[in-house]
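**Q** Quick note on numbering that gives the first Met the number 0: the sequence shown kicks off at 0 and runs consecutively.
We put the CB at the ideal spot given by N, CA and C, even for glycine.
This is the structure, below, for whatever I ask next.
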Amino acid sequence: MADHLPPALLEACVVLGASSDKLSELYQAVDNNEAPDLLLLEPEVLHVLAPPFVCRPQDESDTLRSQGRRRRPFLRKKREHPSAAETPSQAGGIGESEDVSVPNDIDLMALPQLCFPGGLQVTNEQKDEQFHFLVFTDVFGNKTHGVVMHCYRPILEGTSIFQNGAGSSKFSKLFSAYGICIISKYPYFTAIKDCLSCLLIQLRTCRLSDMEERVKEFAAKLSLVPIPPPGQLHLMFTLRPLTIVLPSREDKDHPAIDLDLHLPFFCFRPQQLLQVLSCLLQEQQVVLFSADWARLTLVAESFLLFLQPLLWQQPYVPVLARGMLDFLMAPTAFLMGCHLSHFEEVAAETDHLILINIDNGSVSSSCSETLDLPEIPPAAADCFTQRCQALQIHFDLHQCNHASCSDISEQRAQRRAWQHNLNHDIQRITLELMVNIFRDVSGHLNYEHRVFNSQEFLKTREPAEQLFYKTVMDTHIFHSFLKDRLNRKIDNFARMELITRSEMQRVKAMVEAPRRLTMQEVQARRRSSIAGSKLSKRLGMSLPNLGDDQTISFQRNSLLSRISIPDAVVLRTPPKPTKVFKLPDFPASLSFHSVQGYYSELIQQLGKAIFSVQNENSSLLARFYYLRGFINTLYGRRLEALGDFQNLYRTDTAIFPTQLVTWLVDSLHRDERQQADRRPELKRLILKVKTDSEKLLVQPDEHVKKFKLPLHTLHLEEFVRCIQECGIVKDVATIHRLFHALSDGEPKRVEPDLFKVFYNFWKEMEGQAQDVDLPSEVIDHLDNSECVYKLSSCIKTSHGVGKIAMTQKRLFLLPVGRLGFLEIAKFRDIEDVKISSAPFLLVRIPSLRIKTSGKLEVFEANLKTETELWNLMVKEMWAGRRMADQHKDPQYMTQALTNVLLIDAVMGCLQTQRSIIAASKLAYFDKIKYEVPMMVPKTTSETLKHKINPSLDLAEPQTVHVLLYTPGQLTCNNSAAEMNPKLWVALSGGRVVVFDAASWSMLQDCIQVGETQLNCMLGLVQEQVWIGSQDSVIYIIDTHSMSCNKQLTEHRHEVTGLTVDHRDVQMYSCSSDGTVLQWDSASLKVKRQIHVSCDRLSSIQIYDGTLWCCCDDSIVELKKSGTPQRRMALPDDLLSMPSIFSSFILIPERGQLWTGCSDSGELILWHTNNHSPFKRISLPGCSGVTCMIQVKDQIWVGCRAWSGIGGQCEDQLRSQVLVMDAESHTVAKELQAHSDSIQTLCSAEDRYVLSGSARRDGKIAIWKVE
């Protein structure tokens, strides 16, 4: 059981000191004047006290474990110490008849040296007590923590530290040190130090014979203290005279922080802190030095916390004893700590060590007094330095205008609150540093194939920074970071990266465009050059079709000091409010019954706490359930514990203790199992635990690949993978066209040499575009977001000699020999493009002619051999621009731009007579304009505002199953992005994408909610989004953390509908088997269950407190009792088709019910007081109704797709959104913007309607409501 239970505060209490034999010998030597001046003894383990300290009594004589029994101290030599796997009784220690187990991960061999790293001293005067801290790391990276207190006792004749008896009364001339080490799984350094300080008060005043019992009682009390669950619930307990607080972890991926993170800021200037962090990021051999053992661990732990979310993967020993200095000869990277007295010795005998002197704040190398290592990029470093200067790290300055505290508890509480806020600020500063260093990494990841294009990432770095990044990229710490990014982990790094994106990044995240340096970035580059930051490299990014949710690295990097994140975002973000729960006072006697009484009182207090917050704070509620379940387990109440964990599972799955619950289920007795089976909620939990345990444990894919050019012939599937891995294109359809272009002929394959030539040409093309040196007069005429993608050779044109430049918006001429801006044409203004021939002497030279609206003169350019290439490119851009404008969809333009760049690359790498024919296969939009009507109907064009692509980061479009719009929040502490309204999009496979509905930029590209199709979504009080899934689970997403930590599992079949009664915020859900559940939205418990008799229940709605249910063959109105009040059955002619109801709208003020059927192109209208339809409305161009919503006096209807023309588009589908007038029952508008069935409709505050379509289209259209 102990392996499954979350550990209590105390893992073990170990008493160390000199053996009685050694002390007796020393006493005699001193008595005979034979002892040296400085005495050092070898420390030994004297006692190991480990839980459980009480056991269930076999008879009435229940006692504290081992109480009343005499223990022999550990007197064995070091070589005879028991191993971690042995029990003390096997080793001949603590007591022959006792079964005291030593925790498996405690190394008793090394512990004495670490507890007395400078040796066990015997002095001729009594010294003050001292503390230091330890961290033990096993081979799997699991940490155990220790807090050591050194005390001094007089050496009396014939006694040891813990040997009972009064000893000699002779006056002692010597004092011997002994140590008490508290070992814990959690890094509660300050709390345990406070606990030992309380014990110290007792040890100072107690008799020698009572010391053993005091320590046992102390350890037993600490073993009763549970660890707070992750979140915002701290625990408090009283150990007289102090009140001690255990802070909780922020989440399960972060350790608890119970130390002063500002200590390194006292010891080092910001420049030295950056040097240390740079050394750790590069995994150097780092050694800390201090004359104070306590500082070593506290400073080392702080440094590792500063690196988060990067995790130190190398050996870590913050305190090395005198006999462990040979550890510094290890060939690997490490972080270790030594006493300052060894500084010269270590520096002289080892090479390539980084020596950090905590006491004087110096950072040097064992080879020289300076540090010759690549530094952290200067822009990120400057931002960090500015943040550090703004920190308020002096508590006395903070308190100078406050009244003095007369109560120590109040004073400690004030200090804790101040320290909590300061730690929060420091963590935000160091997190910002990591974000600024590694922000661009995500732009060079391919998530589908788990590839990091390291070489291309390096090319985007400044020359002076490349060595730093190259070194870091080869480390284990960075490799682990890459795994988290490829797993799309939503952690603090991901959140800060999102909220600190620049405006340019947000704009670029809206479309998937090939990336070049924008005009805004060119201007910034020049300003930076004038300031002295000379640039001599190409800044081109080489992953043009990966998710463009990042800007060019230059803007984020070299100019970071001028575009740094506002203080309001980083420093002024307050920590989340915390709740402190006080544990009951420890029992007076630690007998079995007293401990059970303590647990009983704690359970009662937790019950009261649960009752007080169940309707207010679900996060706190989950933490209280967690604690009560844990205590019920210790109390032996298994069923009650399972009940608490069931409530926890529905409230917050993030902290659900799976292993403990599995153990509980397996340990149930037969009668307990029978009782559990009679309780539906426990039966469901047991079934889930059993089902999960029977599933094969599939290890997640954790590999990270670096892109390499292929060495073998590529067929289509392998070609798609390689193109996606190198980041040129992600869209599968485009890659297929590229494959056919490169493999022009039979058989269809691409040789590795040709792939290499194509790849290298693509990279050269990027570099050439980046090296374009545009005059300032030209830049002033271009938009900030424009990039130069193609530049011709120097040619003769109708406007003189020059070079033609192409951006995503226009063509313009760069004249030779004179300055100025000469626009040739904007792509949207082009009327005609064709090739003609111009006479030159006795030959005719081909030229390109471009006719533009508003210009009488036709532009002509003698492009010679480039004529056919530019003809293809300009026509493709022209067609893409027209389609983008007509369909209000910017992705048409970005796709055309990608096609053009691929055409250029194919022409460049093939160099054959057929190259233009091969390249023309990529001119997709220029071809389909002849097969698909380019003109969008006027009504559609006037109503359509915009289109967005939720599958932007995916290789293929996904079906948009559900849309949900949630309004903005007027008050929000975190960021403007959280204040804006949001659009929630459910895609295939349980994937949820979130857009900022103010800018339509993507906020979250993947929140994974189960693995099956999502059927319905509902927003609740701006804090939660409920999602019903085919796997019968209702998932609840927290809108602040963007994470899904709550699941409701009461449905047995797929959840098909959700609705809310806004009058009393009552939630209703339905499943396909006809079950309707009414939920209490605060406690997340089922208040009522209703069953509707039908073949399939597809949706529910509530009007004026009355539930209406959409079944396959009928629309049912339910009474308050849940019984059917009326039923509108599917007409007989539709039953014979067969067809089913797909959606309905109730208009109470008109007394009308509008229904649509999945295979019928008409709407059926009913009077709510009549069981027969009164009207049918035929829908033009509609083969079936998929969804309906009411907006003002209009009914918007989504239709199934119908087959259109074939040709290049292959089985082209069309579908419509029809706008119906609710009064006249006529079609007001026919809107055509999707090439597949409309799957879902939603309204944005009655101003806009959004429609989502199936996977052949996969887009979201945004319509204006009139």
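1. Exposed or buried, what is Met433 when buried is set at 16 or more other beta-carbons lying within 10 Å of its beta-carbon?
2. Using alpha carbons as the reference points, say which of Ala11, Leu25, Gln284, Arg55 lies closest to His46.
3. Please give the ranges of any beta strand (DSSP E) in the stretch 1140–1219, keeping only runs that are unbroken, at least 3 residues long and fully inside the region.
4. For Gln1088, write down the residues that DSSP places opposite it in a beta bridge.
5. Beta-carbon within less than 7 Å of Gly118's beta-carbon, same chain only, minus the 5 sequence neighbours each way: which residues are those?
6. By DSSP's criteria, Arg152 is part of a beta bridge. Which residues make up the other side?
7. What is the DSSP secondary structure of Cys793, counted as helix, strand or coil?
8. I think Lys1263 touches Asn948, with their Cβ atoms under 8 Å apart; what is that distance to the nearest whole Å?
9. Answer yes or no: do Tyr624 and Tyr598 have a C-beta to C-beta separation smaller than 8 Å?
10. Name the two residues that bound the continuous alpha helix (DSSP H) containing Lys755.
11. By alpha-carbon positions, which one of Pro240, Phe706, Leu297 ends up nearest to Phe264?
12. Tell me which residues share the same chain as Ala1253 and place their Cβ nearer than 6 Å to its Cβ, disregarding the 5 neighbours each side in the sequence.
13. Extract the residue ranges of the beta strand (DSSP E) inside the stretch 802–870, only unbroken runs of 3 or more that lie entirely within it.
14. Please name the residue in Val1008, Ala412, Glu822, Trp417 whose C-alpha comes closest to that of Gln391.
15. Could you have a look at Glu1266 and say whether DSSP puts it in helix, strand or coil?
16. Label His1292 either buried or exposed according to how many other C-beta atoms from any shown protein chain fall within 10 Å of its C-beta, with 16 as the threshold for buried.
17. Do Val13 and Cys266 come within 8 Å of each other at the CB atom, strictly closer than that value?
18. In whole angstroms, give me the CA-to-CA distance for Ala530 and Phe333.
19. Once DSSP output is grouped into helix, strand and coil, what is the label at Ala922?
20. Is Leu896 closer than 8 Å to Met876 when the C-beta atoms are compared?
21. Spatial neighbours of Tyr648 within its chain, please: C-beta separation below 6 Å, excluding the five flanking residues on both sides.
22. In the DSSP assignment, find the unbroken beta strand (DSSP E) run with Arg1125 in it and report its ends.
23. Per DSSP, what are the beta-bridge partners of Ser1068 in this structure?
24. Tell me Ala1243's beta-bridge partners as DSSP assigns them.
25. Would you report the Cα separation of Ser1142 and Gln1100, rounded to the nearest angstrom?
26. My output table needs one value for Leu633: the three-state DSSP class, helix, strand or coil.
27. With respect to the alpha helix (DSSP H) encompassing Gln418, which residues constitute its N-terminal and C-terminal limits?
28. Can you tell me which of Asp1112, Leu1106, Arg414, Leu1129 puts its alpha carbon nearest to the alpha carbon of Lys1118?
29. On the DSSP bridge list, what partners appear for Gln1023?
30. Using a threshold of 8 Å, state whether the C-beta atoms of Ser1135 and Asp1158 are closer than that.
31. Scan the stretch 453–485 and note each continuous alpha helix (DSSP H) run of 4 residues or more that stays entirely inside, going in chain order.
32. State yes or no: is the C-beta of Glu1049 within less than 8 Å of the C-beta of Val1085?
33. Opposite Tyr1102 in the DSSP bridges: which residues?
34. Using CA coordinates, which residue listed in His1233, Ala1232, Leu1249 is at the minimum distance from Leu1240?
35. In the structure shown, what three-state DSSP assignment does Arg990 receive?
36. Along the chain, where does the alpha helix (DSSP H) containing Val345 start, and where does it finish?
**A** From the atom records:
1. Within the sequence shown, numbered from 1, the residue matching residue 433 stands at position 434. The C-beta of Met433 has 16 or more other C-beta atoms within 10 Å across all chains shown, which makes the residue buried.
2. Translated into the one-based positions of the sequence shown, residue 46 becomes position 47. Residue Ala11 is the option with its Cα nearest to His46.
3. 1140–1146, 1151–1156, 1161–1166, 1172–1177, 1184–1190, 1193–1198
4. The residue given as residue 1088 occupies position 1089 in the sequence shown. According to DSSP, which records beta bridges pairwise, Gln1088 is partnered with Leu1076.
5. The residue you call residue 118 lines up with position 119 of the sequence shown. Cβ neighbours of Gly118 beyond the five flanking positions: Leu39, Arg321.
6. Sequence index remark: in the sequence shown, residue 152 carries index 153 (1-based). Its beta-bridge partners are Ser175.
7. Within the sequence shown, the letter at position 794 stands for residue 793. Correct three-state label for Cys793: coil.
8. For this step, residue 1263 is matched to residue 1264 along the sequence shown. For this step, residue 948 is matched to residue 949 along the sequence shown. In fact, because the Cβ distance is near 20 Å, the residues do not count as touching under 8 Å.
9. Residue 624 sits at position 625 when you count from the first residue of the sequence shown. Residue 598 sits at position 599 when you count from the first residue of the sequence shown. No, they are not a contact pair.
10. Counting from 1 along the sequence shown, the entry for residue 755 is found at position 756. It spans 751–769 - the alpha helix (DSSP H) in which Lys755 sits, taken as one unbroken run.
11. Within the sequence shown, the letter at position 265 stands for residue 264. Phe264 has its Cα closest to that of Leu297, out of Pro240, Phe706, Leu297.
12. The sequence position of residue 1253 within the sequence shown is 1254, counting from 1. Thr958, Asp1235, Ser1236, Gln1238.
13. 809–814, 821–825, 829–839, 842–851, 858–861
14. Working through the sequence shown from its first residue, we reach residue 391 at position 392. Among Val1008, Ala412, Glu822, Trp417, the Cα nearest to that of Gln391 is on Trp417.
15. In the structure as shown, the chain starts at 0 and stops at 1265, and residue 1266 therefore has no counterpart that could be examined.
16. The requested residue 1292 does not occur in the structure, where the chain is confined to residues 0 to 1265.
17. In the sequence shown, the residue the question calls residue 266 occupies position 267. In the sequence shown, the residue the question calls residue 13 occupies position 14. Not in contact: Cys266 and Val13 (Cβ atoms no closer than 8 Å).
18. In the sequence shown, counting from the first residue as 1, residue 530 sits at position 531. In the sequence shown, counting from the first residue as 1, residue 333 sits at position 334. Per-residue confidence for Ala530 stands at a pLDDT of 46, beneath the threshold of 50, marking its modelled position as unreliable; no derived number is given.
19. Walking along the sequence shown from the start, residue 922 turns up at place 923. Ala922: coil per DSSP, three-state reduction.
20. Residue numbering aside, residue 876 sits at position 877 when the sequence shown is read from its first letter. Residue numbering aside, residue 896 sits at position 897 when the sequence shown is read from its first letter. Cβ distance < 8 Å, so Met876 and Leu896 count as in contact.
21. For the purposes of this step, residue 648 is taken as residue 649 along the sequence shown, with counting starting at 1. Excluding sequence neighbours, Tyr648 sits near Phe655.
22. Residue mapping note: residue 1125 aligns to position 1126 of the sequence shown, counting from 1. Where Arg1125 is concerned, the enclosing beta strand (DSSP E) stretches over 1123–1128.
23. Reading the sequence shown from its first residue, position 1069 is the one you call residue 1068. Looking at the DSSP assignment, Ser1068 forms a beta bridge with Leu1057, Leu1076.
24. For this step, residue 1243 is matched to residue 1244 along the sequence shown. Its beta-bridge partners are Tyr1247.
25. Residue mapping note: residue 1142 aligns to position 1143 of the sequence shown, counting from 1. Residue mapping note: residue 1100 aligns to position 1101 of the sequence shown, counting from 1. Cα to Cα, Ser1142 sits roughly 10 Å from Gln1100.
26. The residue labelled residue 633 in the question sits at position 634 within the sequence shown. Leu633: helix per DSSP, three-state reduction.
27. Here residue 418 refers to the residue found at position 419 when the sequence shown is read from its first residue. Segment 407–437, the alpha helix (DSSP H) holding Gln418.
28. Counting from one through the sequence shown, the residue named residue 1118 turns up at place 1119. Nearest C-alpha to Lys1118: Leu1106.
29. Within the sequence shown, numbered from 1, the residue matching residue 1023 stands at position 1024. For Gln1023, DSSP records a beta bridge to Leu1019, Asp1037.
30. The sequence position of residue 1135 within the sequence shown is 1136, counting from 1. The sequence position of residue 1158 within the sequence shown is 1159, counting from 1. Cβ atoms of Ser1135 and Asp1158: not closer than 8 Å.
31. 453–458, 462–472, 475–485
32. Your numbering for residue 1049 matches position 1050 in the sequence shown. Your numbering for residue 1085 matches position 1086 in the sequence shown. Yes, they are a contact pair.
33. On the sequence shown, position 1103 is the one that residue 1102 refers to. Note: Tyr1102 sits in a beta bridge opposite Thr1105.
34. Numbered from its first residue, the sequence shown carries residue 1240 at position 1241. Nearest option by C-alpha distance: Leu1249.
35. As a working mapping, residue 990 is identified with position 991 in the sequence shown. The DSSP-derived three-state label of Arg990 is strand.
36. On the sequence shown, residue 345 is found 346 positions in, with the first residue counted as 1. Looking at the DSSP string, the run of the alpha helix (DSSP H) that includes Val345 is 342–348.
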